[in-house]
Amino acid sequence: MTTPRDLLIVAMDTAPVRTVERGDLSLVLAGAEAIDLLEGRAVTLRGDRLVPGYRPAIADRLLDEAASSLVMEEPYESVGDWLWRRGRGLSEAYLAAFEKEGQLIRQRRRRWMFFRTSEMVLVDSPERREVAHRWAADEPVLAALAEAAGIRDRRTEGPAGPDGAVSAVLIAVDEALAELAVERQRRARRRDQAAVDNVRRGY
Numbered sequence: 001m002t003t004p005r006d007l008l009i010v011a012m013d014t015a016p017v018r019t020v021e022r023g024d025l026s027l028v029l030a031g032a033e034a035i036d037l038l039e040g041r042a043v044t045l046r047g048d049r050l051v052p053g054y055r056p057a058i059a060d061r062l063l064d065e066a067a068s069s070l071v072m073e074e075p076y077e078s079v080g081d082w083l084w085r086r087g088r089g090l091s092e093a094y095l096a097a098f099e100k101e102g103q104l105i106r107q108r109r110r111r112w113m114f115f116r117t118s119e120m121v122l123v124d125s126p127e128r129r130e131v132a133h134r135w136a137a138d139e140p141v142l143a144a145l146a147e148a149a150g151i152r153d154r155r156t157e158g159p160a161g162p163d164g165a166v167s168a169v170l171i172a173v174d175e176a177l178a179e180l181a182v183e184r185q186r187r188a189r190r191r192d193q194a195a196v197d198n199v200r201r202g203y
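When we follow the numbering used here, the leftmost residue of the sequence shown carries the number 1, and every step to the right adds one.
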């Protein structure tokens, strides 16, 4: 299992503290991939740049795809740019992989707030149970990613979170999510203004 897969299982098994938007989840999944690549030494962090390193064999197809998509030439790519590029549609890619692998089944009633067009639930599996144990143990990286995605509230106190390169990635994830929230607000204001203008014109 990889951290992005763990996070998606947590997202589907846990009642979120707010609606988990697909765009938010995609950015956080990209951050989870970056963390796994850092821990696997496939990439290192130089300032805010992801510098490709040792290229290990990666069994997970999506994580291997992530490693293959790293920018290989200087000045390389910032963590923020990686999140936006790699995160585009990433939640859908992971959901499709889960469904193809038989880890998701369809049911009639809707359960998960971030599924807007389909009703799918996880099957019982050893992987799911293993993630549940890690979640119950409050594993710091998984907890921090879940907090960023809105799956759980942020802790005001408690054990220290990740530091070093992992912390830098988590900060970049928070910044990207804040940017996305601002962009959503701008779009909403433009829609509201357009509606007001239409009313004034008699539409």
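Using N, Cα and C, we set each Cβ at its ideal position, and we do this for glycine too.
Cα-Cα separation, residue i to residue j
i      : j      : result
Asp48  : Gln185 : 27 Å
Ala176 : Leu83  : 8 Å
Leu142 : Val169 : 13 Å
Arg129 : Leu62  : 21 Å
Gly23  : Thr3   : 18 Å
Thr14  : Leu180 : 23 Å
Gly158 : Val166 : With a pLDDT of 48 at Gly158, under the threshold of 50, the modelled position of that residue is not reliable, and the figure given next carries that caveat. If I take the Cα positions, the gap works out to 18 Å.
Met113 : Ala11  : Note that Met113 scores a pLDDT of 49, beneath 50, so its modelled location is shaky; the value from the coordinates is reported in the next line. Answer to the nearest angstrom: the Cα atoms are 10 Å apart.
Glu127 : Ser91  : 19 Å
Leu38  : His133 : 24 Å
Beta-carbon proximity of residue i to residue j, cut-off 7 Å
i      : j      : result
Arg154 : Ala146 : no
Val43  : Gly53  : yes
Val71  : Gly150 : no
Val173 : Val28  : yes
Start-to-end residues for the beta strand (DSSP E) that takes in residue i
i      : result
Leu104 : Leu104 to Arg106
Arg49  : Arg49 to Pro52
For residue i: DSSP bridge partner residues
i      : result
Met265 : Residue 265 lies beyond the stretch modelled for the chain, which goes from 1 to 203, so this question has no answer here.
Glu264 : An answer regarding residue 264 cannot be provided, because it is not within the stretch 1 to 203 covered by the chain.
Closer than 6 Å: residue i CB and nearest the ligand ADP heavy atom
i     : result
Arg41 : Annotation note on the ligand ADP: not contained in the displayed structure, which lists no ligands.
Endpoints, the alpha helix (DSSP H) within which residue i is located
i     : result
Thr3  : Thr3 to Asp13
Ser66 : Checking the sequence shown, residue 66 turns out to be Ala, not Ser. Ala66 -> alpha helix (DSSP H) spans Arg61 to Ser68.
Ile35 : Arg22 to Glu39
Task: Three-pair Cβ contact test at 8 Å for the segment 70-81 versus the segment 90-107 - done: With fewer than three CB-CB distances shorter than 8 Å, the segment 70-81 does not count as touching the segment 90-107.
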